[in-house]
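Working notes, structure below.
Spelled out as structure tokens, the structure:
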């Protein structure tokens with residue numbers, strides 16, 4: 001049975017999954033690289049960048065689970081780019097350049113649908129749909145594979161609220177961001193729907209895996 | 001040199017150190033025992049209750065660090081009891097009965113000072129003071145020993161804001177409380193003043209130890 005999975009989703013001690021003030025220059029807002037530095041050190045991230053090396057310990061064992069079994073990703077528009085409202089810059093092809101790291105279809109949730117964007121190995125489909133409908137569209141694009149919910153914060157939260165997540169990997173980073181987008185808002189007692197496994201990394205990050213009961 | 005220490009301070013994934021709606025019947029508010037269940041299973045907690053048994057693993061190794069070296073505790077009034085405003089119930093002697101578990105002087109921060117309350121092994125001193133002054137009073141009561149900041153949330157936060165904490169043990173509990181008192185509010189980038197060590201427990205709790213740089 002096809003699972004819906006979230007991987008490598010970092011939150012601060014105060015529950016923020018993204019900083020404030022996202023912009024072209026600061027894709028992560030004022031959080032800069034602080035939420036993802038544990039990930040950027042791993043072999044998996046290095047490989048995504050076409051680089052050798054990287055760490056091979058606890059953080060890598062979680063980072064590397066991102067790809068296997070996944071046939072399609074769903075992401076929010078804010079992960080695709082910093083624009084809001086109607087599309088005004090047709091040259092924008094996402095943060096990742098000509099060859100995005102996904103190598104699957106990607107469903108981008110937006111209130112402003114447009115034609116698909118086909119890049120090397122990855123096609124972006126722009127869809128105005130609630131979580132359940134978006135999931136059906138994603139599964140139609142890649143039958144019998146798992147679906148990754150790629151973020152951002154609002155997208156993960158909406159899929160959790162709709163009880164559509166089977167596997168949620170959250171990396172709790174020991175920093176206090178103070179501002180930004182909260183993951184857990186509206187999700188009181190969400191843990192009761194999951195078994196939870198906790199693993200500490202020497203990087204200081206705690207990996208929590210929520211598996212639906 | 002006398003250190004200022006916080007032990008066994010539990011917060012939820014969304015950063016709440018106490019639930020909403022504290023009352024006589026619910027000392028922890030709507031959080032009930034959920035923030036402290038990892039602690040209540042330990043040998044140290046059992047011993048505080050005059051009971052045998054209890055767990056002896058990771059959680060116990062943190063729980064048991066609560067006492068050694070400590071000569072005095074500072075707590076907020078909300079930890080002492082659920083009353084607010086001027087004292088109206090002189091019979092209230094705290095949540096703990098005739099023999100509180102502290103066995104040291106305890107400084108209770110309140111805007112409504114009153115005479116000290118001497119119980120078996122523990123005397124409560126009621127003091128209207130800012131963190132730095134309260135710390136001086138506590139040290140005068142027990143020179144050359146460490147001072148424990150016993151909570152609640154507001155008290156720990158105020159001492160962190162004033163940069164008076166040397167050792168902070170936070171237990172991150174994998175629950176979403178949704179409401180209550182936030183520990184981290186106003187403490188953006190507080191982690192930069194500390195070295196942090198992370199330990200996962202089989203209970204699902206993550207123990208973070210912040211040691212001042």
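Protein chains in written order, with full-length UniProt numbering: chain L, 1 to 213; chain X, 1 to 213. Beta carbons: idealized from backbone N, C-alpha and C, even for Gly.
Coarse secondary structure for residue i, derived from DSSP in three states
i	result
residue 171 (chain L)	strand
residue 120 (chain L)	coil
residue 55 (chain X)	strand
residue 4 (chain L)	strand
residue 80 (chain X)	helix
residue 139 (chain X)	helix
residue 97 (chain L)	coil
residue 34 (chain X)	coil
residue 10 (chain L)	strand
residue 160 (chain L)	helix
residue 29 (chain L)	helix
residue 113 (chain X)	coil
residue 102 (chain X)	coil
residue 217 (chain X)	No answer is possible for residue 217 (chain X): it lies beyond the span of chain X, which begins at 1 and ends at 213.
Residue nearest to residue i in terms of C-alpha spacing, selected from the options
i	options	result
residue 4 (chain L)	L:187, L:203, L:143 and L:181	L:143
residue 190 (chain X)	X:174, X:22 and X:162	X:162
residue 7 (chain L)	L:174, L:186 and L:153	L:153
residue 11 (chain X)	X:210, X:35 and X:30	X:35
residue 186 (chain L)	X:40, X:178 and X:183	X:178
residue 137 (chain L)	L:75, L:101 and L:176	L:75
residue 56 (chain X)	X:39, X:68, X:30 and X:69	X:39
residue 129 (chain L)	L:72, L:175, L:146 and L:155	L:155
residue 197 (chain X)	X:158, X:209 and X:69	X:209
residue 212 (chain L)	L:166, L:204 and L:174	L:166
residue 88 (chain X)	X:67, X:113 and X:73	X:113
residue 21 (chain X)	X:32, X:14 and X:13	X:32
residue 73 (chain L)	L:92, L:24 and L:104	L:104
residue 157 (chain L)	L:66, L:181, L:101 and L:41	L:181
residue 16 (chain L)	X:140, X:188, X:83 and X:201	X:188
residue 164 (chain X)	X:172, X:146, X:173 and X:175	X:146
residue 29 (chain X)	X:184, X:64 and X:81	X:81
Identity of the residues DSSP links to residue i by a beta bridge
i	result
residue 182 (chain L)	L:16
residue 208 (chain L)	L:170 and L:198
residue 107 (chain L)	L:74 and L:125
residue 165 (chain X)	Note: residue 165 (chain X) sits in no beta bridge, so no partner.
residue 146 (chain L)	L:70
residue 152 (chain L)	Residue 152 (chain L) is not bridged to any residue.
residue 42 (chain X)	X:55
Worksheet item: What residues from the stretch 136-152 of chain X come within 7 Å of chain L, judged by C-beta to C-beta, listed N to C?
Response: none
Discussion item. Quick test of the definition: if touching needs 3 or more C-beta pairs under 8 Å, does the stretch 119-136 of chain X touch the stretch 94-105 of chain X?
Written reply: Short answer: they touch.
Worksheet entry | Against chain X: residues of the stretch 195-211 of chain L by CB proximity under 9 Å | The stretch 195-211 of chain L vs chain X, Cβ under 9 Å: 196, 197, 198, 199, 200, 201, 202, 203, 204, 205, 206, 207, 208 and 210.
Worksheet item: So, do the stretch 123-141 of chain X and the stretch 105-113 of chain X have three or more beta carbon pairs nearer to each other than 8 Å?
Response: yes
Worksheet item: For the stretch 93-108 of chain X, which residues have a beta carbon sitting closer than 7 Å to at least one beta carbon of chain L?
Response: none
Discussion item. Three Cβ pairs or more, each shorter than 8 Å: is that satisfied between the stretch 42-50 of chain L and the stretch 58-72 of chain L?
Written reply: yes
Worksheet entry | Contact list for the stretch 5-31 of chain L against chain X, Cβ threshold 7 Å | 13, 14 and 15
Practice prompt. With 9 Å as the limit, tell me which residues of the stretch 176-188 of chain L have their beta carbon closer than that to any beta carbon of chain X; keep them in chain order.
Written response: 176, 177, 178, 179, 182, 183, 184, 185, 186, 187 and 188
Fill in: Where the stretch 53-77 of chain X meets chain L: residues whose CB sits under 8 Å from a CB there
none
Worksheet entry | Residues, ordered as in the chain, of the stretch 113-135 of chain X that lie near chain L by beta-carbon distance below 9 Å | none
Discussion item. By the 8 Å beta-carbon criterion, what residues does the stretch 153-165 of chain X contribute toward chain L?
Written reply: none
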